[in-house]
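Undergrad: The following block contains the structure, expressed as structure tokens.
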Amino acid sequence: MKTSPVRKLIPFANMAIDRGMKVYYLNIGQPDIEILRGYFEAIKGYDKKVLGYAASQGTPELIDKKKCWG
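One point on numbering: in my numbering, the residue at position 43 of the sequence shown is 30, and numbering is uninterrupted.
Shown next, in the form of structure tokens:
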């Protein structure tokens, strides 16, 4: 597997940081939003060995809520 082309830019970003410049990372999949505490509490309470996908049509709770939208 080839290395991601983005990795070639890391040394340049590090040099810019070393010179005091602000570097804005535009990596896909790395959100800079605060994660809700409930997320971590749910993860700590997860006791299954496999993390499976939900049904493609949605969970029963979501389907019920969507019905209320009309």
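For glycine and all other residues, C-beta sits at the position ideal for the given N, C-alpha and C.
1. May I have the straight-line CA-CA distance separating Ala41 from Ala29, to the nearest angstrom?
2. Between the C-alpha atoms of Ser(-9) and Asp5, what's the straight-line distance to the nearest angstrom?
3. Just to confirm before moving on: does the CB-CB distance between Val(-7) and Ala3 stay below 8 Å?
TA: Checking against the coordinates, here is how it stands:
1. The alpha-carbon separation between Ala41 and Ala29 amounts to approximately 16 Å.
2. Approximately 23 Å, taken between the alpha carbons.
3. Not a contact, by the Cβ cut-off of 8 Å.
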